[in-house]
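Quick note: the sequence shown uses the numbering used here, first residue 1220, plus one each step. Glycine residues also receive a C-beta, built at the ideal position from the N, C-alpha and C atoms. The structure displayed is predicted, hence computed values, not measured ones.
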Amino acid sequence: MHFQFWGDVLQHFEYYIGKFPAMKLQARLLCLGLIPTLVIACLIGSTVWVVNSQRFDGQNINLAGRQRMLTQKMFKELMIGLQNTKYGKADESTFKPTQMTMNVFDMTLTALRDGGKAPKQFIINDKTTYAQCPPANGKVLDQLNEVTTLWQNARKTMDGLISGQVSADSDTIKQALAQNMTLLKNMNAAVGLMQQAAESKTNMLMIVQMVGLVIGLICVFMTFWVSISLNRLLKQTVTTLTARSSEVTQAAQQISQTSQALASGATEQAASIEQITATLHELTSRNVRNSDDLRQSRSHSQQTLTDVEDGNQAIGRLSQAMHQIKSSADETAGIIKTIEEIAFRTNLLALNAAVEAARAGEAGKGFAVVADEVRSLAHRSSEAAKSTSNLIVEAVHNAESGVQINEEVVASLSKLKDSANQVSQITERVASTDEDQKEAMSQVAKAIEQLNQLAQQNAANSEEEAAVSETLSTQARDVDAVVCRLKSLVGESHQSAA
């Protein structure tokens, strides 16, 4: 069973040895540390187990060897007791030594077979000391079971001889002797089996130690092999790391310079954009004021159009009134002419009346006075009519001039209205253009603000990139230091990367 166990161990060991080259470095190093530890643990465990199991082998072999002597002793004591009984010398203590020896043999056999206490002396009393025996197994147990069967038969015969239930004739004595010899022979075989079991344990210990030695040598070889492989791998890694460290350092320096230049340019760009933004805000503010002025101008233009329209309507009404005044003046002139004609005729009539009064003489004096007054009134009426006619003519002339001037004013107001309409339309277009311009400037301001944010973000990113490149340079120097230590480890000189 033990040989099969170690054979399985060797098979598994060979399997993992075949897998060893495909393992990772960490697994190899772990195996190199774990396998010797397991081998040492197995060696120690096997040695402890073998030594512990051998602890009782010498004792059991001695007890089993004593059993052979006890078989002879109890038979001799039985023969002496039977001889004394035959010659009448027997008493109560005649067979006590025989029974004591039989009890010691029986107790020792039970302890050897089932495990337990076996007396170390040939007697059992209060002063007897005992040896602790482990239970038997395997072939030794089978042999002890056979010895137990033989012992039970032999003891039955001896108990019969001691008690007198069996006659002590020669046949019985021969039977007891034959049983004793068979018991001795089988007990001797049990001792041989115990010795073989002890020797097999010793052989097992030697095999375990040899296997451990072989595995230890293999581990030493594997350690040497892994050391060479690891050294070669470390050299290759150091070479690669040296080249990559130099490249990373140069790249980090270039990135740092580029990032610093970008950061400087981004800062200047951000400052320029801020100036543009301030100027654009000022233009936007002015545009807002212009928009307010345009709205006021548009409002005034609309009010001017309204006032011109109202003035035009008032001039129209004035023109109508002037025409009505002219018509009334014409009618009045006609009436004045009629009055002049009446005055002229009245004057003629007064002249005629004066002539007639003169003809009438004294009788016509009163009528002449009346005629003279009438003529005087007619004359004043004619003068007044002429004055009124002149005034009316002048008023008509003035009315005609007023109508003409009114028409000119109407024409001027019409032109003013057209100009005001054009100004209003131009103002509307300018206001619409100003609104579009304000919207465009607002969009431009937003775009400039976004550009400003992007410029600031670019500046921040450039600064971060510069910091990252500086960190990368530091890490490259750290890698270079690690490479230096690795080269020292593999026994190569090191030159720091530029």
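Kindly indicate which three-state DSSP category residue 1666 falls into: helix, strand or coil? In the structure shown, residue 1666 adopts helical secondary structure according to DSSP, grouped into three states.
Would you call the segment 1561 to 1574 and the segment 1538 to 1549 in contact, with 3 or more CB pairs under 8 Å? Verdict: no, contact absent.
DSSP state of residue 1707 mapped onto helix, strand, coil: In this structure, residue 1707 counts as helix in the three-state DSSP scheme.
Residue range of the unbroken alpha helix (DSSP H) whose run includes residue 1300: Element bounds for residue 1300: 1276 to 1305.
Let me confirm a value: residue 1716 is counted as buried when at least 16 other C-beta atoms fall within 10 Å, else exposed. Which label applies? Note that residue 1716 has pLDDT 49, beneath the 50 cutoff, so the model's placement of it is unreliable and the number below is only indicative. Buried, because 16 or more other Cβ atoms sit within 10 Å of the Cβ of residue 1716.
Does DSSP put residue 1353 in a helix, a strand or coil? Correct three-state label for residue 1353: coil.
Could you name the residues of the same chain whose beta carbon sits closer than 6 Å to that of residue 1474, not counting the 5 residues immediately before and after it, in chain order? Excluding residues within five positions, the ones whose Cβ falls inside 6 Å are 1688.
Which residue wins for smallest C-alpha separation from residue 1175, given the options 1695, 1662, 1257? An answer regarding residue 1175 cannot be provided, because it is not within the stretch 1220 to 1717 covered by the chain.
On a CA-only basis, which of 1266, 1632, 1557, 1411 is nearest residue 1531? Give me that one, please. Residue nearest to residue 1531 within the set 1266, 1632, 1557, 1411 is 1632 (criterion: CA-CA distance).
On the DSSP letters alone, give me the boundaries of the alpha helix (DSSP H) that residue 1337 sits inside. Careful: residue 1337 lies outside any alpha helix (DSSP H), inside the beta strand (DSSP E) at 1335 to 1338.
Simplified DSSP assignment, three categories, for residue 1512: DSSP, read as helix, strand or coil, puts residue 1512 in helix.
Are the segment 1479 to 1498 and the segment 1665 to 1680 in contact at 8 Å, needing three or more beta carbon pairs? Taking a cut-off of 8 Å for Cβ pairs, the segment 1479 to 1498 and the segment 1665 to 1680 touch, as three or more such pairs fall below it.
Any contact of the segment 1577 to 1592 with the segment 1552 to 1560, i.e. 3+ C-beta pairs under 8 Å? Three or more beta-carbon pairs separated by less than 8 Å are not found between the segment 1577 to 1592 and the segment 1552 to 1560, which leaves the two stretches without contact.
May I ask you to report which of helix, strand or coil DSSP gives residue 1701? Three-state DSSP puts residue 1701 in a helix.
Count the other CB atoms, across all protein chains shown, that sit within 10 Å of the CB of residue 1443; report buried if there are 16 or more and exposed otherwise. Exposed, since its Cβ has fewer than 16 Cβ neighbours within 10 Å.
Taking the Cβ atom as the reference point for each residue, do residue 1403 and residue 1287 lie within a distance shorter than 8 Å? Cβ atoms of residue 1403 and residue 1287: closer than 8 Å.
Does the segment 1277 to 1286 touch the segment 1350 to 1366, meaning 3 or more C-beta pairs lie closer than 8 Å? Taking 8 Å as the limit for Cβ pairs, the verdict is that the segment 1277 to 1286 does touch the segment 1350 to 1366.
When you compare only the Cα positions, how much space is there between residue 1652 and residue 1526? Spanning the two alpha carbons is a distance of roughly 27 Å.
Taking only three categories from DSSP, how would you classify residue 1573? Assigned with DSSP and collapsed to three states, residue 1573 falls in helix.
I want to know whether the segment 1314 to 1328 touches the segment 1361 to 1374 - three or more CB-CB distances under 8 Å. Because the criterion of three Cβ pairs below 8 Å is met, the segment 1314 to 1328 and the segment 1361 to 1374 touch.
What is the DSSP secondary structure of residue 1535, reduced to helix, strand or coil? Helix.
Taking C-alpha atoms, which residue in 1613, 1365, 1382, 1431 lies nearest to residue 1312? Comparing Cα-Cα distances from residue 1312 to each of 1613, 1365, 1382, 1431, the minimum goes to 1382.
If you count every other CB in all the chains shown that lies within 10 Å of the CB of residue 1399, and 16 or more means buried, which is it? Taking all protein chains shown into account, residue 1399 has 16 or more neighbouring C-beta atoms within 10 Å of its C-beta and is therefore buried.
The segment 1421 to 1431 / the segment 1655 to 1669 touching (three or more Cβ pairs under 8 Å): Here the segment 1421 to 1431 does not lie against the segment 1655 to 1669, with fewer than 3 beta-carbon pairs under 8 Å apart.
Any contact of the segment 1518 to 1525 with the segment 1634 to 1645, i.e. 3+ C-beta pairs under 8 Å? Yes, since at least three Cβ pairs between the segment 1518 to 1525 and the segment 1634 to 1645 fall closer than 8 Å, the two stretches touch.
Decide if residue 1626 is buried, meaning its Cβ has at least 16 other Cβ atoms within 10 Å, or exposed. By the neighbour-count criterion, in which 16 or more other beta carbons inside 10 Å mark a residue as buried, residue 1626 falls on the exposed side.
How big is the Cα-Cα spacing for residue 1463 and residue 1254? Taking the straight line joining both Cα atoms gives about 37 Å.
Tell me the rounded alpha-carbon separation between residue 1413 and residue 1365. One C-alpha to the other measures close to 15 Å.
Mind the definition here: the segment 1294 to 1313 touches the segment 1330 to 1340 only if three or more C-beta pairs lie below 8 Å; say whether that holds. Because the criterion of three Cβ pairs below 8 Å is not met, the segment 1294 to 1313 and the segment 1330 to 1340 do not touch.
Excluding sequence positions up to five away, which residues of its chain have a Cβ less than 8 Å from the Cβ of residue 1266? Residues of the same chain with a CB within less than 8 Å of the CB of residue 1266, apart from the 5 flanking positions on each side, are 1424, 1427, 1428 in chain order.
Who are the Cβ neighbours of residue 1503 in its own chain at under 8 Å, not counting the five residues just before and after it? These residues qualify, in order along the chain: 1657, 1660, 1661, 1664.
Kindly list the residues whose CB is nearer than 6 Å to the CB of residue 1300, restricted to its own chain and excluding five residues on each side of it in sequence; keep chain order. Take residue 1300, set aside five residues on each side of it, and the residues of its chain with a beta-carbon closer than 6 Å to its own are 1313, 1314, 1317, in chain order.
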